[in-house]
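A.B. asks: Numbering (this note's numbering), first residue to last: 1 to 337.
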Ligand SMILES: NC(=O)c1ccc[n+]([C@@H]2O[C@H](COP(=O)([O-])OP(=O)(O)OC[C@H]3O[C@@H](n4cnc5c(N)ncnc54)[C@H](O)[C@@H]3O)[C@@H](O)[C@H]2O)c1
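Shown next as structure tokens:
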């Protein structure tokens, strides 16, 4: 029997979720809900089998709908997901989970009480590149991780209800926490409003980890080129993950710096540099959203905890809220413990 799905929100991102559920035989992509009738017409043209509705209550009242995917703007995630859980539906919520920590806590509790699945679309945890990076770090090929530097830059898309950190940094934060298997203990964010009247459109988020490692995420809606890169610096080797590089998404550089025990020159006294080969591992590519949607179905059917669970969405919202606190206080370090 296939899982009957409704998607709420068919703006920019929702159609990607609709397309993927529609391709999966274990799912029946049954209903699309959007307040905008033009968007519904567009979806109906693409998928005549999908029932378009403007009123979310219609979705909730339909006892045959098993699960709802919430793909609306961030501040509406909480009320829509809450209603869906109260109506006994499993929920898949777009990143970031909610706009407030208290909302995410309430949804996690509600889902547990009702024995329903709540999963967040932390898309990058379902990419071949990030899973390869996780494997390489776990095998110790990079040595101890000292520093991670992420850049997620482009021109737009400007959001109305959240700043660039809430919009883009969830990708980098989820990559870092998933690949390292560690959570940050401090966050410091500086940002600026260049073009957006009310929200920061460029920001630098710095995370500190218990073991002394650091990560920096540079996120921007006002850069001329699209950049999606993660550089990981280890004591033995360095790794670059470039999501836009079709042929070499992951590159491992056999580069590091040693402090030699003996030295004859001032240069040697400072450091000795090691330059070796570059290795490009082969990746088994699949569309990350397809992998994510399949994982959601599997978790609903088996009752197992999703990889990007409600709890991981809550952890993310806590970091984003602390990042806002830091922004408001001129980049002050905020403890996450
Ligand atoms: N995972 C990713 O890589 C990724 C990428 C982009 C966006 N997103 C996320 O997807 C979500 C949606 O972003 P977007 O850019 O598509 O937004 P959008 O504004 O383009 O689309 C939102 C749609 O939701 C509809 N809507 C809003 N409230 C509604 C309600 N109560 N009932 C019915 N319809 C309603 C709007 O009419 C609109 O069509 C956001 O949470 C965003 O962070 C995720």
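Cβ atoms here follow ideal geometry from the backbone N, Cα and C, with glycine treated the same way.
1) Would you say residue 13 touches ligand 1, meaning its beta carbon is less than 8 Å from a heavy atom?
2) According to DSSP, what are the bridge partners of residue 97?
3) Grab me the residues of residue 290's own chain with a C-beta within less than 8 Å of its C-beta, minus the 5 sequence neighbours each way, in chain order.
4) For residue 35, is the classification buried or exposed, using 16 other Cβ atoms within 10 angstroms of its Cβ as the cut-off for buried?
5) Between residue 73 and ligand 1, is the CB less than 8 Å from at least one heavy atom?
6) With 16 as the cutoff for other CB atoms within 10 Å, does residue 109 come out buried or exposed?
7) Which same chain residues, not among the five before or five after residue 307, have their C-beta less than 7 Å away from its C-beta?
8) Threshold first: 4 residues or longer. Then list the alpha helix (DSSP H) segments lying entirely within the region 154 to 194, N to C.
9) Would you report the Cα separation of residue 56 and residue 33, rounded to the nearest angstrom?
10) Just to confirm before moving on: does the CB-CB distance between residue 326 and residue 235 stay below 9 Å?
11) Is any heavy atom of ligand 1 found at a distance shorter than 8 Å from the C-beta of residue 123?
12) Going straight from the alpha carbon of residue 98 to that of residue 170, what length do you get?
13) If I measure Cβ to Cβ from residue 29 and keep anything under 8 Å in the same chain, skipping five residues before and after, which residues do I get?
14) Do residue 216 and residue 207 have their C-beta atoms closer together than 9 Å?
15) In this structure, does DSSP put residue 263 in helix, strand or coil?
16) Would you identify the three-state DSSP class for residue 315, choosing helix, strand or coil?
17) Just checking my contact of residue 103 with residue 163 at CB under 8 Å: how many whole Å lie between their CB atoms?
18) First and last residue of the beta strand (DSSP E) that includes residue 208?
19) Would you check if there are 3 or more beta carbon pairs closer than 8 Å linking the region 244 to 256 to the region 177 to 186?
20) Rounded to whole angstroms, how far is the Cβ of residue 254 from the Cβ of residue 237, which I believe are closer than 8 Å?
21) Leaving out five residues on either side along the sequence, give the residues of the same chain with a beta carbon under 7 Å from the beta carbon of residue 52.
22) Considering only the alpha carbon of each residue, which of 173, 86, 135 and 301 lies closest to residue 113?
23) Taking 8 Å as the cut-off, is the C-beta of residue 323 nearer than that to any heavy atom in ligand 1?
24) Give me whichever residues DSSP pairs with residue 151 in a beta bridge.
C.D. replies: With the given structure in hand:
1) Walking along the chain shown from the start, residue 13 turns up at place 13. Yes - ligand 1 has a heavy atom lying nearer than 8 Å to the Cβ of residue 13.
2) Locating residue 97 in the chain shown gives position 97, counting from the first residue. Answer is none; residue 97 lacks a bridge partner.
3) Translated into the one-based positions of the chain shown, residue 290 becomes position 290. Answer for residue 290: 20, 23 and 24, listed in chain order.
4) Locating residue 35 in the chain shown gives position 35, counting from the first residue. Answer is exposed; the Cβ neighbour count stays below 16.
5) Taking the first residue of the chain shown as position 1, residue 73 is located at position 73. Checking every heavy atom of ligand 1 against the Cβ of residue 73, one is found closer than 8 Å.
6) Start at 1 with the first residue of the chain shown, and residue 109 comes out as number 109. Result: exposed.
7) Start at 1 with the first residue of the chain shown, and residue 307 comes out as number 307. Once the five neighbours on either side are set aside, the close Cβ partners of residue 307 are 125 and 295.
8) 164 to 180
9) Against the chain shown, residue 56 aligns to sequence position 56. Against the chain shown, residue 33 aligns to sequence position 33. The alpha-carbon separation between residue 56 and residue 33 amounts to approximately 6 Å.
10) Here residue 326 is taken as the residue at index 326 of the chain shown, counted from 1. Here residue 235 is taken as the residue at index 235 of the chain shown, counted from 1. No. Outside cutoff.
11) By one-based count along the chain shown, residue 123 stands at place 123. Yes.
12) Residue numbering aside, residue 98 sits at position 98 when the chain shown is read from its first letter. Residue numbering aside, residue 170 sits at position 170 when the chain shown is read from its first letter. So the alpha carbons of these two residues sit roughly 12 Å apart.
13) Position 29 of the chain shown, counted from the first residue, corresponds to residue 29. Around residue 29: 5, 7, 18, 21, 22, 47, 49 and 50.
14) Here residue 216 is taken as the residue at index 216 of the chain shown, counted from 1. Here residue 207 is taken as the residue at index 207 of the chain shown, counted from 1. Result yes, Cβ atoms of residue 216 and residue 207 sit closer than 9 Å.
15) Here residue 263 corresponds to residue number 263 of the chain shown, with the count starting at 1. Three-state DSSP puts residue 263 in coil, outside helix and strand.
16) Stepping through the chain shown from its first residue, residue 315 is reached at position 315. The answer is helix: DSSP assigns residue 315 an H, G or I state.
17) On the chain shown, position 103 is the one that residue 103 refers to. On the chain shown, position 163 is the one that residue 163 refers to. Between residue 163 and residue 103 the Cβ distance is about 17 Å, and since that is not below 8 Å, they are no contact.
18) Here the question's residue 208 lines up with position 208 in the chain shown. Where residue 208 is concerned, the enclosing beta strand (DSSP E) stretches over 202 to 208.
19) no
20) By 1-based counting over the chain shown, the position of residue 254 is 254. By 1-based counting over the chain shown, the position of residue 237 is 237. With a Cβ gap of about 5 Å, residue 254 and residue 237 count as contacting.
21) Along the chain shown, read from residue 1 onward, the residue named residue 52 stands at position 52. Within the same chain, residue 52 has close Cβ partners 32, 40, 43 and 44.
22) As a position in the chain shown, residue 113 is number 113, starting the count at 1. Of the listed residues, the one whose Cα sits closest to residue 113 is 86.
23) If you number the chain shown from 1, residue 323 lands on position 323. Outside the cutoff, so no.
24) Position 151 of the chain shown, counted from the first residue, corresponds to residue 151. Residue 151 is bridged to 218 and 229.
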